[in-house]
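**Q** In the working numbering, the protein residues as written are 44 to 373. C-beta: ideal position from N, C-alpha, C; glycine also. Before I ask anything, let me first share the structure, which is written out below as structure tokens.
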């Protein structure tokens, strides 16, 4: 069952040059006033990946409960949610998947509460799986592994210069790979006398991240070799190809995982399960915390809306080198 969508559009028709100052007609005004808040909530999610995930999770909830119209969400009780959670557990879904699905439904009900469509959020108070809830599954690298990975690409080739710059962005700034791919040349610029990244994060939130001096040097070297430093609207990190049609394309998230992080990790023998760009994000967060950064500042740095999410990236208690094992002497 698909997430219900309104028969009416949430926006009037796109204006032409002749009617760019057009205002709502009375029928349009009335039509928009009648849009259910359930549809408003979904229409206001701009990130396509988030929309896709929420659509799947809410469609599963609707199929289980038999909801066919948006307004039927308003009669959902905690008992319905508990029954759904038990059904998900019987499907042997991972604790993380169950928590994510419950969070999607909870987010909808939080909006309905704000809209006065319901009096309370029925997901609140529903027990969520605790297995792994306080420890993220993404592994972090040791300091030695991180340094070796950053130095792995060859210095004498254009691809090597690009890959060194990319790894420095991941290891020193904890960017998501999608955020890295969205960087334009103009997003690497001075702000109050310091080089900053203008990062376009989840939920279209913009944050400014000061650039580490080593990363500044590596990015400058790459841009000089690539020759597009003055093309401000160009992707900061481009595809490297012999085909002229591809020379202005930005690198893709899949390529960052496959052709940069996984490739050099494999060459170094770093074969831990789950090592990828997100591992470098966890590595950077852990390193910053180890060296005295406040967790609230790290939360802002990572672009997290909740500090509980930031804590999943804190791997300080998992460092093997700090284990009492290596303090034992006979």
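Could you give the uninterrupted runs of the alpha helix (DSSP H) lying entirely in the stretch 112 to 186, keeping only those of 4 residues or more?
**A** Qualifying alpha helix (DSSP H) stretches, in chain order: 121 to 133, 138 to 157.
**Q** Assuming residue 212 contacts residue 238 (C-beta within less than 8 angstroms), just tell me the rounded distance between them.
**A** With a Cβ gap of about 12 angstroms, residue 212 and residue 238 do not count as contacting.
**Q** Just how far apart, CA to CA, sit residue 337 and residue 226?
**A** 26 angstroms
**Q** From the DSSP secondary-structure annotation, give me the bridge partner or partners of residue 249.
**A** In DSSP, residue 249 forms a bridge with 243.
**Q** Relative to the C-alpha of residue 261, which candidate in 151, 199, 341 has its C-alpha closest?
**A** Minimum Cα distance to residue 261 is reached at 199.
**Q** How is residue 261 classed by DSSP in three states: helix, strand or coil?
**A** If DSSP states are grouped into helix, strand and coil, residue 261 belongs with the helices.
**Q** Just the Cα atoms here: how many angstroms apart are residue 241 and residue 122?
**A** 45 angstroms
**Q** If you count every other CB in all the chains shown that lies within 10 Å of the CB of residue 196, and 16 or more means buried, which is it?
**A** It counts as buried.
**Q** For residue 356, is the classification buried or exposed, using 16 other Cβ atoms within 10 angstroms of its Cβ as the cut-off for buried?
**A** When all chains shown are included, residue 356 counts as buried.
**Q** With DSSP as the reference, label residue 277 as helix, strand or coil.
**A** Collapsing the DSSP output to three states places residue 277 in coil.
**Q** Can you find the residues in the same chain that come closer than 7 angstroms, C-beta to C-beta, to residue 371, ignoring five residues on each side of it along the sequence?
**A** Cβ contact annotation for residue 371 (same chain, cutoff 7 angstroms, sequence separation greater than five): none.
**Q** From the DSSP output, read off the bridge partner residues of residue 231.
**A** 240
**Q** Are the CB atoms of residue 136 and residue 80 nearer to each other than 8 angstroms?
**A** no
**Q** Which residue marks the beginning of the alpha helix (DSSP H) containing residue 102, and which one marks its end?
**A** DSSP places residue 102 in the uninterrupted alpha helix (DSSP H) bounded by 91 to 108.
**Q** Output yes or no for whether 8 angstroms exceeds the beta carbon distance between residue 299 and residue 320.
**A** yes
**Q** Select from 333, 342, 306 the residue whose C-alpha is nearest the C-alpha of residue 202.
**A** Selection 333, 342, 306 evaluated against residue 202 yields 306 as nearest (Cα-Cα).
**Q** Quick test of your reading: residue 145 and residue 169, contact by CB under 8 angstroms. State the CB separation rounded to the nearest angstrom.
**A** 7 angstroms
**Q** To the nearest angstrom, report how far apart residue 111 and residue 119 are at their CA atoms.
**A** Between residue 111 and residue 119, the alpha-carbon positions lie close to 13 angstroms from each other.
**Q** The alpha helix (DSSP H) with residue 340 in it runs from where to where?
**A** 338 to 345
**Q** Apply the 10 Å Cβ neighbour rule to residue 314 and answer buried if 16 or more other Cβ atoms are within range, or exposed otherwise.
**A** exposed
**Q** In the DSSP output, what is residue 293 paired with across the bridge?
**A** 281
**Q** Provide the residue span of the alpha helix (DSSP H) that contains residue 216, from first to last.
**A** For residue 216, the uninterrupted alpha helix (DSSP H) segment begins and ends at 201 to 216.
**Q** Within 10 angstroms of its Cβ, does residue 204 collect 16 or more other Cβ (buried), or is it exposed?
**A** buried
**Q** So, for residue 353: in the same chain, excluding its five sequence neighbours on each side, which residues have a beta-carbon less than 8 angstroms away from its beta-carbon?
**A** 328, 338, 341, 342, 345, 347
**Q** How many angstroms separate the CA atom of residue 215 from the CA atom of residue 255?
**A** 7 angstroms
**Q** Hey, how far is the Cα of residue 273 from the Cα of residue 267?
**A** 10 angstroms
**Q** Could you check if residue 269 is buried or exposed, using at least 16 other CB atoms within 10 Å of its CB as the buried criterion?
**A** Residue 269 sits buried, since 16 or more C-beta atoms from the chains shown fall within 10 Å of its C-beta.
**Q** Need the endpoints of the alpha helix (DSSP H) that residue 15 sits in, please.
**A** Limits of the chain in this structure are 44 at one end and 373 at the other, which puts residue 15 out of reach.
**Q** If we ignore side chains and look at the alpha-carbon of each, how far apart do residue 187 and residue 223 end up?
**A** 24 angstroms
**Q** Confirm, please, whether the CB-CB distance from residue 184 to residue 93 is below 8 angstroms.
**A** no
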